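For the sequence shown, my numbering gives the first residue as 751, with consecutive numbering after it.
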Amino acid sequence: MKTIGIVGFGTIGQRWTAAFAHHGHDVRVYDPDPEAGARFDGIRDGLFADLADLHGIPAERGAITLSADMAEALGGVDFVQENGPEDLPTKRALLAEIETHVGPEVIIASSSSALLVTQMQAGCRHPERIVLAHPFNPAHIMPLVEIVGGDRTAPDVPARARALYDAIGKKPVMLNREITGHLALRLMGAMWREAIALVRDGVASVEDVDRAFIYGPGPKWGVQGSFISNGLNAEGMDEFLRKYGKTYEDIWADLGDATLDAATRAKVAEAAEPLLTDRDALRANRDAAIVAMLKLIADKGPL
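So this is what it looks like as structure tokens:
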């Protein structure tokens, strides 16, 4: 088992902490906010209950310690998961500071959702051990971790990071090169741009756009992904593309080009707000459903 350093104890850092500790790793957390520990105490039982439901009850959880002093928190750690603000100058300064408290062999993985590793590692003394490892929310139970190195990342570092995430039940994907938004956010962004345009243009309500995905491609794509799912809709991918390729090209040519200008934001927010009245219940139901779906996918999914 390793000792994991967590830098930043917000929503993402809390859930990384729970995931690592559930699988037996000791976790040492740095956050300067004196209220950070109390916030975690209020949700930790729920996080560990989710993890036990998904992965089973562990023989022994790792210990979690929290410090407002970075040197104290990171002394002796084997791996660092950084979860700082999504701001390039802040991220560069934070990574450079983390480096002063860990050995040059310790991998520092950033949870950044949009920044490029090459930009973040520019000010580091040992840029070769900086890697991106972006989780998907809610990060304690969602399996996806997107991994990519920067221009100065050592070739073996992404694979070494992947091995750690594999060992805690994650499903990492490796990017061959950096790209804004990585993989999943780009796929979501493409779908959501069209969803926004459909609502903006009055084609359907927010509720029915969501319903179309939930009861249409959602279950199939959730279990098998788009390529396998579509290939099964015909006798293989070549036949599917020959039969339905023109249909998709016609759809692509007609897709909306949505922008989040003030008028669009206002229209979408007004339409969506009635569906978000009980956020706590929606989050609880979401997490329970995700756990159930992930257990089903683990049993029936191909990947």
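All C-beta atoms in this analysis are idealised placements derived from N, C-alpha and C, irrespective of residue type, glycine included. Since this is a predicted model, take the numbers as computed values, not measurements.
Check                                                                                                                                                                  : Outcome
Taking DSSP as the reference, what is the three-state secondary structure of Pro922?                                                                                   : strand
Could you check if Gly939 is buried or exposed, using at least 16 other CB atoms within 10 Å of its CB as the buried criterion?                                        : exposed
In terms of DSSP beta bridges, what is Ile858 paired with?                                                                                                             : Val830 and Ile880
Considering only the beta carbon of each residue, do Val830 and Ala786 sit closer than 8 Å?                                                                            : no
I'd like to check one pair, Val973 with Leu804: are the Cβ atoms closer than 8 Å?                                                                                      : no
Give the single residue among Leu866, Asp988 and Gly812 whose Cα lies nearest to the Cα of His884.                                                                     : Leu866
Among all the DSSP beta bridges, which residues are the ones paired with Ile756?                                                                                       : Val779 and Gln831
Please classify Ser976: is it buried, with 16 or more other beta-carbons within 10 angstroms of its beta-carbon, or exposed?                                           : exposed
Please look up how many angstroms separate the CB atoms of Glu878 and Ala904, rounded, as I've assumed it's under 8 Å.                                                 : 4 Å
Whose CA, out of His876, Leu937 and Gly931, lies closest to the CA of Val907?                                                                                          : His876
How do the region 929-937 and the region 1000-1019 stand: do at least 3 beta-carbon pairs fall below 8 Å, yes or no?                                                   : no
Just to confirm the assignment, what range does the beta strand (DSSP E) spanning Thr815 have?                                                                         : Ile814 to Ser817
Round the Cβ separation of Gly1006 and Ala947 to the nearest angstrom and send it over; I've been treating them as touching at under 8 Å.                              : 2 Å
Which partner residues does Gly899 have in the DSSP bridge list?                                                                                                       : Val881
So the candidates are Lys921, Val949, Arg910 and Gly900; which of them puts its Cα closest to the Cα of Glu928?                                                        : Gly900
Could you give the DSSP three-state label for Leu1053: helix, strand or coil?                                                                                          : coil
By DSSP, does Leu894 sit in helix, in strand, or in coil?                                                                                                              : strand
Measure from the alpha carbon of Gly763 to the alpha carbon of each residue in Leu797, Gly774, Met751 and Lys752, then state which is nearest.                         : Leu797
Which whole-angstrom value describes the C-beta separation of Leu824 and Arg778, a residue pair presumed to lie in contact below a C-beta threshold of 8 Å?            : 7 Å
Below 8 Å on the Cβ atoms is my contact criterion, and I expect Gly758 with Gly834 to pass it. Report the Cβ-Cβ distance as a whole number of Å.                       : 5 Å
Rounded to whole angstroms, how far is the Cβ of Asp837 from the Cβ of Val856, which I believe are closer than 8 Å?                                                    : At roughly 23 Å, the Cβ-Cβ gap does not stay under 8 Å, so Asp837 and Val856 are not in contact.
Closer than 7 Å by C-beta to Arg842: which residues in its own chain qualify, once you throw out the five before and the five after it? Chain order, please.           : Met870, Ala872 and Gly873
Are the CB atoms of Ile897 and Leu914 nearer to each other than 8 Å?                                                                                                   : no
Could you tell me which of Gly853, Thr850, His851 and Leu894 sits nearest to Ile861, measuring between CA atoms?                                                       : Reading the sequence as shown, one finds Ser at residue 861 and not Ile. Of the candidates Gly853, Thr850, His851 and Leu894, the one whose C-alpha sits nearest the C-alpha of Ser861 is Leu894.
Would you please state the rounded distance, in angstroms, between the beta carbons of Thr753 and Gly826? I believe it to be under 8 Å.                                : 6 Å
In its own chain, which residues sit with a C-beta less than 8 Å from the C-beta of Arg950, not counting the 5 before and 5 after it?                                  : Gly1006, Ala1008, Thr1014, Lys1017 and Val1018
According to DSSP, is Val959 helix, strand or coil?                                                                                                                    : helix
Just curious, the alpha helix (DSSP H) that Thr1009 is in, first and last residue?                                                                                     : Here Thr1009 belongs to no alpha helix (DSSP H), and DSSP marks it neither H nor E.
Just to confirm my understanding: we take Val852, look at its own chain, exclude 5 residues before and 5 after, and list those with CB closer than 8 Å. What are they? : Gly755, Leu824, Val827, Val830 and Ile858
Have a look at Ala1021, Pro922, Ile964 and Ala768 and flag the residue whose alpha-carbon is nearest the alpha-carbon of Met941.                                       : Ile964
Can you tell me the Cα-Cα spacing of Ala1038 and Thr868, whole angstroms?                                                                                              : 37 Å
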